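Numbering (the numbering used here), first residue to last: 1445 to 1582.
Reading through the structure tokens given below for one structure.
Given below as structure tokens:
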């Protein structure tokens, strides 16, 4: 992982954290982001969104998605970790955000944060992928 990629992980973590500060329902926000155009732009080789800060990214998402305020707002640590790990996952595997979200939706990330946030990102990703595989074998 190069320095620019790690910076993008941090920005996405701060974006998720900022969604909570602004009172957006975390499940709604995370789904809207991970399946939306902003994440698709961040997934590409080059996109102007890759140079934007978290405030600009949040404004773009809010303008283009139906976000709800209130509801369940995850703790800032959970939000930061989820945002950071989703972007790290993309860089580590090449999977796009929609595919990553399909395997680990917001509820899965929140439920597993307490244990997984202490793991190396690569290990957490493998464990999340294993949870998905086991769930879908049934």
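Note that CB positions come from ideal geometry on N, CA and C, so glycine has one too.
Since the structure is predicted, the reported quantities are computational estimates derived from the model, not experimental observations.
Nearest-angstrom Cβ-Cβ length linking residue i and residue j, presumed shorter than 8 Å
{"i": "residue 1535", "j": "residue 1478", "result": "With a Cβ gap of about 15 Å, residue 1535 and residue 1478 do not count as contacting."}
{"i": "residue 1450", "j": "residue 1527", "result": "Contact flag wrong, Cβ pair sits at about 13 Å."}
{"i": "residue 1544", "j": "residue 1533", "result": "5 Å"}
Straight-line gap, residue i to residue j (C-alpha atoms, nearest Å)
{"i": "residue 1489", "j": "residue 1547", "result": "22 Å"}
{"i": "residue 1516", "j": "residue 1472", "result": "9 Å"}
{"i": "residue 1496", "j": "residue 1505", "result": "12 Å"}
{"i": "residue 1513", "j": "residue 1501", "result": "17 Å"}
{"i": "residue 1474", "j": "residue 1552", "result": "12 Å"}
{"i": "residue 1525", "j": "residue 1574", "result": "19 Å"}
Bridge-paired residues (DSSP) for residue i
{"i": "residue 1513", "result": "1468"}
Residue environment, residue i, which counts as buried when at least 16 other CB atoms sit within 10 Å
{"i": "residue 1487", "result": "buried"}
{"i": "residue 1456", "result": "buried"}
{"i": "residue 1580", "result": "exposed"}
{"i": "residue 1482", "result": "buried"}
{"i": "residue 1529", "result": "buried"}
{"i": "residue 1503", "result": "exposed"}
{"i": "residue 1564", "result": "exposed"}
Cβ pair residue i, residue j closer than 8 Å
{"i": "residue 1560", "j": "residue 1550", "result": "no"}
{"i": "residue 1470", "j": "residue 1511", "result": "no"}
{"i": "residue 1518", "j": "residue 1554", "result": "yes"}
{"i": "residue 1480", "j": "residue 1508", "result": "yes"}
{"i": "residue 1462", "j": "residue 1499", "result": "yes"}
{"i": "residue 1464", "j": "residue 1520", "result": "yes"}
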